[in-house]
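Q: Sending over a structure as structure tokens; questions will come in a sec.
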């Protein structure tokens, strides 16, 4: 029996949010992170600086969700009461944490652990059943943004409210949330008709295929009036739902925005350019030597490897193998942005990828590929030289085996 899919709730704490003095961007950022991990966000709630109300909301959210992330209320002032509220939610006492105390002293430059003389020491008093997690430093985040650790109490993850700190902490702590990536697949459709004309078609598709469909009106666009998102738990189910939906839509209402739709015309154009022609020659040579099942394309969502993947897609289409399953190696690390994860998930659908995923450094990831997939003979990769695309240096490196 499969375990239930993980869920998350986001609790934004602060009177300044409810009064409109501060714009909440943290919940949107957290929702993107969770979505990229395959974790469904079921609740986003904003609440005032009231300990009893926060504690009550936490008891409700923690009982219904795998993860609960809080934003705000962890500073040194009188209205920073999140730790107290978390403790109250689980009937726990607050305890003094010496590790946090040392960080507070260093950060504020005050060598005094007495909370009466040093109010900042309030930040070192946290619920008893806690774990501390230090965020991995991100290249684009300021040094001070990840000095303080995240405090975890049971399934509650307490984060700061300052957006730079919140984003740096959560982005660098994705490893704390078990990824369910691959448990959902999504694609987009763009229509030239209003949503009211397709309401029954959408309901029918949802009922038959148990997919999630989002329908959004688009204003002031000359090409389309409605955008659809279709999500499913498996790639096969998504494809079946899309086929059914496209067949049932009003005639000529589907607007083609898929960059692969004019693949053969683009291939003819690209074939007149030396770099692309060289790549096609490499693909042809490799396919003459190795079966498709032994070929893997390196793909991390970047522009260079996306170009490689697209060129390979064009080549397969030109030799009558459009729609063929393509093995792709995806190596990510703690600095992989959620937008990249979303892009990779879309590419899996568009290019019919069999994604081989590792969370590691590139060299270690390739070594794991070799170990886990001993039948792989060839890995297509790219390098950039003088800002021009090349197939791997000299076209071929020694084989992967």
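In the UniProt record's numbering, the protein residues as written are 1 to 401. Yeah, the Cβ is synthetic: ideal placement off N, Cα and C, and Gly gets one too. Being a predicted model, the structure only gives us computed values, none of them experimental.
Which ranges does the beta strand (DSSP E) cover as unbroken runs of at least 3 residues, wholly within the segment 277-333, from first to last along the chain?
A: For the segment 277-333, whole beta strand (DSSP E) runs of length 3 or above, ordered along the chain, are 295-298, 326-332.
Q: Pop quiz: residue 86 and residue 158 are said to be a contact at Cβ under 8 Å. What is the actual Cβ separation, rounded to whole angstroms?
A: Start at 1 with the first residue of the chain shown, and residue 86 comes out as number 86. Start at 1 with the first residue of the chain shown, and residue 158 comes out as number 158. Their Cβ separation, rounded to whole angstroms, is 6 Å, which keeps residue 86 and residue 158 in contact under 8 Å.
Q: Residue 231: which of 245, 184, 225, 116 sits nearest, CA to CA?
A: On the chain shown, residue 231 is found 231 positions in, with the first residue counted as 1. Nearest option by C-alpha distance: 184.
Q: Given a threshold of 16 other Cβ atoms within 10 Å of its Cβ, counted over all protein chains shown, does residue 62 qualify as buried or as exposed?
A: Here the question's residue 62 lines up with position 62 in the chain shown. It counts as buried.
Q: Just to confirm my understanding: we take residue 93, look at its own chain, exclude 5 residues before and 5 after, and list those with CB closer than 6 Å. What are they?
A: Locating residue 93 in the chain shown gives position 93, where the first residue counts as 1. Cβ neighbours of residue 93 beyond the five flanking positions: 128.
Q: Where residue 66 and residue 163 are concerned, what is the direct C-alpha to C-alpha distance, given to the nearest angstrom?
A: For the purposes of this step, residue 66 is taken as the residue at position 66 of the chain shown. For the purposes of this step, residue 163 is taken as the residue at position 163 of the chain shown. Cα to Cα, residue 66 sits roughly 23 Å from residue 163.
Q: For residue 262, does the three-state DSSP call read helix, strand or coil?
A: Reading the chain shown from its first residue, position 262 is the one you call residue 262. Residue confidence for residue 262 is low, a pLDDT of 48 falling below 50, so the modelled location carries little weight; the figure read from the coordinates is stated next. Here residue 262 sits in coil by DSSP.
Q: Starting from residue 187, follow its DSSP beta bridges and name the residues at the other end.
A: Counting from 1 along the chain shown, the entry for residue 187 is found at position 187. 230.
Q: Give the straight-line distance between the Cα atoms of residue 74 and residue 33, rounded to the nearest whole angstrom.
A: The residue you call residue 74 lines up with position 74 of the chain shown. The residue you call residue 33 lines up with position 33 of the chain shown. Going from the Cα of residue 74 to the Cα of residue 33 covers about 22 Å.
Q: Would you be able to state if there are at least three C-beta pairs under 8 Å between the segment 334-354 and the segment 185-195?
A: Taking 8 Å as the limit for Cβ pairs, the verdict is that the segment 334-354 does touch the segment 185-195.
Q: Considering only residues of the same chain and omitting the five flanking positions on each side of residue 376, which have a CB-CB separation below 8 Å?
A: Numbered from its first residue, the chain shown carries residue 376 at position 376. Excluding residues within five positions, the ones whose Cβ falls inside 8 Å are 294, 295, 296, 327, 369, 370, 400, 401.
Q: Tell me which residues share the same chain as residue 153 and place their Cβ nearer than 7 Å to its Cβ, disregarding the 5 neighbours each side in the sequence.
A: Taking the chain shown and counting its residues from 1, the one referred to as residue 153 is at position 153. Closer than 7 Å at Cβ, skipping near neighbours: 86, 90, 127, 129, 130.
Q: What does the alpha-carbon distance come out to for the pair residue 192 and residue 49?
A: Mapped onto the chain shown, residue 192 falls at position 192. Mapped onto the chain shown, residue 49 falls at position 49. When rounded, the distance between both Cα atoms is 47 Å.
Q: With 16 other CB atoms within 10 Å as the buried threshold, where does residue 20 fall?
A: As a working note, residue 20 is residue 20 in the chain shown. Exposed is the call here.
Q: Measure the C-alpha to C-alpha separation of residue 101 and residue 70 and round it to an integer number of angstroms.
A: Within the chain shown, residue 101 is the residue found at index 101, counting from 1. Within the chain shown, residue 70 is the residue found at index 70, counting from 1. Cα-Cα distance, rounded: 21 Å.
Q: Between the Cα of residue 216 and those of 207, 206, 208, 227, spot the shortest distance and give me the residue it belongs to.
A: Indexing the chain shown from 1 puts residue 216 at position 216. Among 207, 206, 208, 227, the Cα nearest to that of residue 216 is on 227.
Q: Any idea which residues DSSP pairs residue 158 with across the strands?
A: Against the chain shown, residue 158 aligns to sequence position 158. In the DSSP output, where bridge partners are listed per residue, residue 158 has 70, 151.
Q: Beta-carbon separation of residue 167 and residue 29 under 8 Å?
A: As a working note, residue 167 is residue 167 in the chain shown. As a working note, residue 29 is residue 29 in the chain shown. In this structure, residue 29 lies closer than 8 Å to residue 167 by Cβ.
Q: Take residue 409 as the anchor and find which of 316, 114, 80, 124 has the nearest alpha-carbon.
A: Since the first residue shown for the chain is 1 and the last is 401, residue 409 is missing from the structure and cannot be characterised.
Q: Quick one: measure Cβ to Cβ for residue 13 and residue 44, integer angstroms, because I've assumed they're closer than 8 Å.
A: As a position in the chain shown, residue 13 is number 13, starting the count at 1. As a position in the chain shown, residue 44 is number 44, starting the count at 1. Incorrect: roughly 12 Å between the Cβ atoms, too far for contact.
Q: With a CB to CB cut of under 6 Å and the five nearest residues on each side skipped, what residues in its chain are close to residue 25?
A: Position 25 of the chain shown, counted from the start, is the residue given in the question as residue 25. 163.
Q: Give every residue of the same chain whose Cβ lies closer than 8 Å to the Cβ of residue 248, excluding the five residues on either side of it in the sequence, and list them in chain order.
A: Against the chain shown, residue 248 aligns to sequence position 248. Hits under 8 Å: 201, 204, 205.
Q: Compare the beta carbon distance of residue 39 and residue 177 with 8 Å and say whether it is the shorter of the two.
A: Numbered from 1 along the chain shown, position 39 holds the residue referred to as residue 39. Numbered from 1 along the chain shown, position 177 holds the residue referred to as residue 177. Yes, they are a contact pair.
Q: In terms of residues, what are the limits of the beta strand (DSSP E) holding residue 214?
A: By one-based count along the chain shown, residue 214 stands at place 214. Element bounds for residue 214: 212-217.
Q: Count the other CB atoms, across all protein chains shown, that sit within 10 Å of the CB of residue 387; report buried if there are 16 or more and exposed otherwise.
A: The residue labelled residue 387 in the question sits at position 387 within the chain shown. Only weak support is given to the placement of residue 387: the predicted model assigns it a pLDDT of 36, under 50, and the question is left unresolved by the model.
Q: Rounded to whole angstroms, what is the Cα-Cα separation between residue 219 and residue 36?
A: Translated into the one-based positions of the chain shown, residue 219 becomes position 219. Translated into the one-based positions of the chain shown, residue 36 becomes position 36. Rounded to the nearest angstrom, the two C-alpha atoms are 27 Å apart.
Q: To the nearest angstrom, how far is the alpha carbon of residue 262 from that of residue 352?
A: As a working mapping, residue 262 is identified with position 262 in the chain shown. As a working mapping, residue 352 is identified with position 352 in the chain shown. In this prediction, residue 262 has a pLDDT of 48, which is less than 50 and means its spatial position is unreliable; nothing more can be read from the coordinates.
Q: How would you call residue 313, buried or exposed, if buried means at least 16 neighbouring beta carbons within 10 angstroms?
A: Numbered from 1 along the chain shown, position 313 holds the residue referred to as residue 313. Result: buried.
Q: Tell me whether residue 244 sits in a helix, a strand or coil according to DSSP, three-state version.
A: Within the chain shown, the letter at position 244 stands for residue 244. Reduced to three states, the DSSP call for residue 244 is helix.
Q: Select from 373, 380, 333 the residue whose C-alpha is nearest the C-alpha of residue 358.
A: Taking the chain shown and counting its residues from 1, one reaches residue 358 at position 358. When only C-alpha atoms are compared, the closest one is 333.
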